[in-house]
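Q: In this note's numbering, the protein residues as written are 43 to 195. Beta carbons: idealized from backbone N, C-alpha and C, even for Gly. Fair warning: this is a prediction, and the values are worked out from it, not measured in the lab.
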């Protein structure tokens, strides 16, 4: 059984928070060997929404939706976009991004959406109507690019 959740920080159960943080650390810190402070207080912002997906009782994917002024002064953002290794290649990332975009379009209607994407995922995000708007830059020693969402009319 698969279940999507959308919650504010204070609505997360202890187990959900643990699963989210463990997934992020397992992928961003351990798998990608990127040592950075993942817990950055943006999770607790009153407007941040946490979107996550469980398949058969295991967390499969996660992202957070961040309000304008949180990550970028003039854009909303999606961040910490992650799919657990055992669920990759099954379309979970596409579903995750589509669900995240729905939240953005409903909660932050008409506001520009910007992400800082790992450069090797540029084609993935382009397929979801994001356009590259920067040269490559290093973020936590990983090549990234800034991308803006181009809303489909």
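Among 100, 160, 143, which residue has its Cα nearest to the Cα of residue 154?
A: Of 100, 160, 143, the residue nearest in Cα terms is 143.
Q: Under 8 Å, do residue 66 and residue 104 count as touching if we go by C-beta distance?
A: Yes. Within cutoff.
Q: Could you check which residue in 88, 122, 90, 172 has the C-alpha nearest to that of residue 80?
A: For residue 80, the nearest C-alpha among the options comes from 122.
Q: Would you mind reading off the limits of the alpha helix (DSSP H) that contains residue 145?
A: Residue 145 -> alpha helix (DSSP H) spans 134-149.
Q: Is residue 169 a contact residue of the ligand ATP, with contact defined as CB to any heavy atom under 7 Å?
A: Annotation note on the ligand ATP: not contained in the displayed structure, which lists no ligands.
Q: Residue 84: which of 75, 71, 57, 112 sits nearest, CA to CA?
A: For residue 84, the nearest C-alpha among the options comes from 112.
Q: If you follow the beta strand (DSSP E) that residue 155 is in, where does it begin and where does it stop?
A: 155-160 is the span of the beta strand (DSSP E), which, as asked, contains residue 155.
Q: For residue 136, collect the residues of the same chain with a Cβ closer than 7 Å to its Cβ; drop the 5 residues on either side in sequence, then sort them by chain order.
A: Excluding residues within five positions, none has a Cβ falling inside 7 Å.
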